[in-house]
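Its first residue numbered 263, the sequence shown is counted upward by one per residue in my numbering. Note that CB positions come from ideal geometry on N, CA and C, so glycine has one too. First comes the structure, then the notes that go with it.
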Amino acid sequence: MKRSFLPVYMLTAAVLTASPFFCRPSSAQEEKKETPAQIEFSLDISGQTLPRPKIFAPSIDLSGRGGDFDPSRPQSAAGDEPFRRWSEEIGFPGYYRLQFDLWETAQLKDNSEEREKQTAYYRGIIDKICSSGGTVIMTFFGTPAGMGNVLDKRSQLLDAQEFRKLVKKYIREFRNDKVWFEVWSAPDLDDFFLGSTQDYLLLYRSVAEAVKEVENEDKVQVYLGGPGTSWWYQNPEGNTVAAPEKSLIYELIRYCSRYGLPLDFITWHAYSTDPFAEQYNTAYNKLPVDLIREWLSYFNLSKDTPLIIDEWNYDNGLNLPQERSERGNIAASYIPARLKGMQSCGVDGQIYYCLEDFHSNKKHVTRNIGAFWFDSRGKGGPKAAYSVFRMLQSLGDNFYQLPPPAAGKGDVGMLAGRDGQRVNVLVYNYVNPEAARDMLSRSVGSLNAAERKILLRMIKDGTYGRLLSRQTDVQSLWGVTKRLRSLLADAVARNDEIEKKKSSVQPLRITLKNIKGNYLTRKYVVDFSCVKDCVFSPAQERTVSCSGTLEETAELPAYSVMLFSFEPKPAEPPAAPAAEQDGQPKPAESPVAPETQPVQEKKNVS
């Protein structure tokens, strides 16, 4: 039996989430709010810019809804309206994931008209994205009936040759220089694949052989990758971060090297509340991304192979968290923080999951995970997350170089870009509500077996919850090692800090240097005041005159994002003097009025 989709390195975290005492200090311990010290950002607008890093290009999985009355339409595809709005208001500068359900498509094999309509749908989406400069990742999943060991779309292959022929047809149909093919989604989870690691490798090989045939016959290059596991270290048998060499990613790298199979990109998923989810040392004293690149190099594959997190979102373990709906500004503010975290640890690309919420479908799947919401009547609209993606796109195609945030620190961050002459600055304030939990779970690997056993017992019996709420003092604990006591003390201190920050407002000052002339400044805001159906328009707009330096100050509440736009105003042309033409009479000079004294108000004298 495969293990939970939750990251196993956060085994402690799963127990912490279930604890009724976790992260909830008693009201008696609440302290008077203090105003944080002002944070200052400085930007020289004449400084060098570089092309926008791919990690910051708005990218999204085009799934949603989970059902459609039209059988020719992919049942997992989002509605037409969200796609239209994304296309018109953001465009396609990044990666866009299309999930291709082979099981579902096979149901149309006897209906050529419906099958052709479905093919045309996929082709239309692909052409739209690729012609706009984007890259499509088409994910093959769903074992067709008759090709698996059991009559189940999650089944391992029974007839690999027939499967290869089928996939080859679709690769040839949708092939494009900007279309990459991914083999399966979350094959480590029983909900998506029932086979073992070896079964997945055989599945991948079938697709890889189809790719090589198309390349040889059509004299083209086809991009193929995977495995799209639920976390970078996972495998179908269930694994922990303590043994990354057992991961499906490692096995796939080794397998492709041994058999000469293409592996053009590597993917995995990462649902979390932690912006720095990949920034921790593994058992090999390396960050996950660095370890994967070392594996590629060791097995004579390119260490520059793109590493892409092709499913991610704010996720605290609940299926319908309020942070993605009624308090959607929390998940929205997570987006820029998460992207900066990915950049700082070397991830090459990302795909947010997904375009639209899931519900009212045959499978009864309900998840408020989309950038757009909709109800049972089909009515819907954008969430706060969508506004943040519009902000990211508004930064422009050229980015200023800014230092990356320190791991686990820097709740407030900044991105800056240039779009023509317009300078754009995005600032965010995201406070990880589970920061104490994440800090503790990352450190579990440094504890010995006895210490881990004590820690888990403390979590289960409520001791850990009482520590966080200050009902129990760390120093009063009996039978605890110095190392574990220190770790618990750090977690308590971190929790205290987070609880204060969650309701705080962060003063900040942005200073632009080498800015001269008249500028039109605009400020856009995403915060608790509007979490869905918000109009994307400036909350503030004014004209300023600059002579070298411009300062903007703001109060940035926790879980908010602001975009400042500074656009030069063209100089107004001077008024042209009245032309005098020869031969034309000149206006008579007006007589000079006699000098007069201004009228003075009479004062009443009593």
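Subject >> N-terminal and C-terminal residue of the alpha helix (DSSP H) that Tyr466 is part of >> reply: Walking along the sequence shown from the start, residue 466 turns up at place 204. In the DSSP assignment, Tyr466 falls within the alpha helix (DSSP H) that extends over Thr459 to Asp480.
**OP:** Quickly, what does DSSP pair Lys371 with across the bridge? List them, please.
**Re:** Counting from 1 along the sequence shown, the entry for residue 371 is found at position 109. In DSSP, Lys371 forms no bridge with anything.
**OP:** Enumerate in chain order the residues of its own chain whose CB-to-CB distance from Gly410 is below 6 Å, with the five nearest sequence positions on each side excluded.
**Re:** Counting from 1 along the sequence shown, the entry for residue 410 is found at position 148. Hits under 6 Å: Ser417 and Leu420.
Original post:
When burial is assigned at 16 or more other CB atoms within 10 Å of the CB, is Arg639 buried or exposed?
Top reply: Walking along the sequence shown from the start, residue 639 turns up at place 377. Classification of Arg639: exposed, given that the 10 Å Cβ count is below 16.
**OP:** Take Phe402 and list the residues in its own chain whose beta-carbon comes closer than 8 Å to its own, dropping the five residues that flank it on each side.
**Re:** On the sequence shown, position 140 is the one that residue 402 refers to. Answer for Phe402: Phe362, Leu364, Val429, Tyr432, Phe443, Glu444, Val445, Trp446 and Val469, listed in chain order.
Original post:
How would you call Lys763, buried or exposed, if buried means at least 16 neighbouring beta carbons within 10 angstroms?
Top reply: Sequence index remark: in the sequence shown, residue 763 carries index 501 (1-based). Buried is the call here.
Original post:
Helix, strand or coil: how does DSSP classify Ser708 here?
Top reply: Position 446 of the sequence shown, counted from the start, is the residue given in the question as residue 708. The answer is helix: DSSP assigns Ser708 an H, G or I state.
Original post:
Are the Cβ atoms of Ala820 and Ser765 separated by less than 8 Å?
Top reply: For the purposes of this step, residue 820 is taken as residue 558 along the sequence shown, with counting starting at 1. For the purposes of this step, residue 765 is taken as residue 503 along the sequence shown, with counting starting at 1. Judged by their CB atoms, Ala820 and Ser765 are nearer to each other than the 8 Å cut-off.
**OP:** Determine the burial state of Asn591: buried for a count of at least 16 other Cβ atoms within 10 Å of its Cβ, exposed for fewer.
**Re:** Sequence index remark: in the sequence shown, residue 591 carries index 329 (1-based). Residue environment analysis places Asn591 among the buried positions, since at least 16 neighbouring C-beta atoms fall within 10 angstroms of its C-beta.
Original post:
Rounded to whole angstroms, how far is the Cβ of Asn630 from the Cβ of Asp619, which I believe are closer than 8 Å?
Top reply: Here residue 630 refers to the residue found at position 368 of the sequence shown. Here residue 619 refers to the residue found at position 357 of the sequence shown. The beta-carbon separation of Asn630 and Asp619, rounded to 5 Å, stays under the 8 Å limit for a contact.
Original post:
Can you find at least 3 beta carbon pairs, one from the region 608-627 and one from the region 320-333, that sit closer than 8 Å?
Top reply: Yes, they touch.
Original post:
So, Phe303 versus Ile772, is the Cβ gap smaller than 8 Å?
Top reply: Position 41 of the sequence shown, counted from the start, is the residue given in the question as residue 303. Position 510 of the sequence shown, counted from the start, is the residue given in the question as residue 772. Phe303 places its beta carbon less than 8 Å from that of Ile772.
Original post:
By DSSP, does Gly603 sit in helix, in strand, or in coil?
Top reply: The residue given as residue 603 occupies position 341 in the sequence shown. Gly603 falls in the helix class under three-state DSSP.
Original post:
In this structure, does DSSP put Gly643 in helix, strand or coil?
Top reply: Numbered from its first residue, the sequence shown carries residue 643 at position 381. Here Gly643 sits in strand by DSSP.
**OP:** Could you name the residues that DSSP lists as bridge partners for Trp530?
**Re:** Taking the first residue of the sequence shown as 1, we reach residue 530 at position 268. Trp530 pairs with Thr491 and Ile571.
**OP:** Go to Gly675, then tell me how far its beta strand (DSSP E) extends in each direction, as first and last residue.
**Re:** Taking the sequence shown and counting its residues from 1, the one referred to as residue 675 is at position 413. Segment Val674 to Asp681, the beta strand (DSSP E) holding Gly675.
Original post:
So the alpha helix (DSSP H) Phe345 belongs to, where does it begin and stop?
Top reply: What you label residue 345 is simply residue 83 of the sequence shown in a count that begins at 1. Asp342 to Glu351 is the span of the alpha helix (DSSP H), which, as asked, contains Phe345.
Subject >> Contact under 8 Å by Cβ, Val484 with Val473 >> reply: One-based indexing of the sequence shown puts residue 484 at position 222. One-based indexing of the sequence shown puts residue 473 at position 211. A contact, by the Cβ cut-off of 8 Å.
**OP:** Compute the Euclidean distance between the alpha carbons of Cys944 and Asp610, then round it to the nearest angstrom.
**Re:** Since the first residue shown for the chain is 263 and the last is 868, residue 944 is missing from the structure and cannot be characterised.
Original post:
Three-state secondary structure (DSSP) at Cys796?
Top reply: Here residue 796 is taken as the residue at index 534 of the sequence shown, counted from 1. Look at Cys796 here: in three-state DSSP terms it is coil, with no helix or strand label.
Original post:
Are the CB atoms of Ile570 and His531 nearer to each other than 8 Å?
Top reply: Translated into positions along the sequence shown, residue 570 becomes position 308. Translated into positions along the sequence shown, residue 531 becomes position 269. No.
Original post:
Where DSSP assigns a beta bridge to Phe636, which residues make up the other side?
Top reply: On the sequence shown, residue 636 is found 374 positions in, with the first residue counted as 1. Per DSSP, Gly642.
**OP:** To the nearest angstrom, report how far apart Thr459 and Gly490 are at their CA atoms.
**Re:** Here residue 459 is taken as the residue at index 197 of the sequence shown, counted from 1. Here residue 490 is taken as the residue at index 228 of the sequence shown, counted from 1. Those two C-alpha atoms are separated by around 13 Å.
Subject >> Any beta strand (DSSP E) of 3 or more consecutive residues that is wholly inside the region 424-450 >> reply: Here the runs fully enclosed are 441-445.
Original post:
In terms of residue numbering, what span does the alpha helix (DSSP H) encompassing Gly779 cover?
Top reply: In the sequence shown, residue 779 corresponds to position 517, counting from 1. Unbroken run through Gly779 is the beta strand (DSSP E), Val767 to Val788; no alpha helix (DSSP H).
Original post:
What's the C-alpha gap between Val754 and Ile716?
Top reply: One-based indexing of the sequence shown puts residue 754 at position 492. One-based indexing of the sequence shown puts residue 716 at position 454. Looking at the two C-alpha atoms, the distance is approximately 17 Å.
Subject >> Secondary structure of Arg719, DSSP reduced to three states >> reply: On the sequence shown, residue 719 is found 457 positions in, with the first residue counted as 1. In the structure shown, Arg719 sits in a helix (DSSP, three-state: H, G or I).
Original post:
Among Asp439, Asn497, Pro524 and Arg426, which has the Cα closest to the Cα of Phe454?
Top reply: Within the sequence shown, the letter at position 192 stands for residue 454. The shortest C-alpha to C-alpha distance from Phe454 to any of Asp439, Asn497, Pro524 and Arg426 is the one to Asn497.
**OP:** Answer yes if the region 434-442 comes into contact with the region 387-401, meaning at least three C-beta pairs across the two stretches below 8 Å, and no otherwise.
**Re:** Cβ pair count under 8 Å is three or more, so yes.
**OP:** Please name the residue in Val823, Lys775 and Phe828 whose C-alpha comes closest to that of Ser308.
**Re:** Numbered from 1 along the sequence shown, position 46 holds the residue referred to as residue 308. Of Val823, Lys775 and Phe828, the smallest CA-CA separation from Ser308 is found for Lys775.
Original post:
Roughly how many whole angstroms lie between the Cα atoms of Gln310 and Glu475?
Top reply: Indexing the sequence shown from 1 puts residue 310 at position 48. Indexing the sequence shown from 1 puts residue 475 at position 213. Going from the Cα of Gln310 to the Cα of Glu475 covers about 45 Å.
Original post:
Can you find at least 3 beta carbon pairs, one from the region 689-706 and one from the region 350-362, that sit closer than 8 Å?
Top reply: In short, these stretches do not touch, since the Cβ pair count stays below three.
Original post:
In this structure, does DSSP put Cys518 in helix, strand or coil?
Top reply: Within the sequence shown, the letter at position 256 stands for residue 518. Helix, per DSSP.
**OP:** Tell whether a beta-carbon distance below 8 Å holds between Leu688 and Leu825.
**Re:** Within the sequence shown, numbered from 1, the residue matching residue 688 stands at position 426. Within the sequence shown, numbered from 1, the residue matching residue 825 stands at position 563. Taking C-beta atoms as the reference points, Leu688 and Leu825 count as a pair closer than 8 Å.
Subject >> Opening and closing residue of the alpha helix (DSSP H) in which Arg747 lies >> reply: If you number the sequence shown from 1, residue 747 lands on position 485. Element bounds for Arg747: Lys744 to Lys763.
Original post:
Hey, how far is the Cα of Tyr662 from the Cα of Arg434?
Top reply: Sequence index remark: in the sequence shown, residue 662 carries index 400 (1-based). Sequence index remark: in the sequence shown, residue 434 carries index 172 (1-based). For Tyr662 and Arg434, the distance between alpha carbons rounds to 40 Å.
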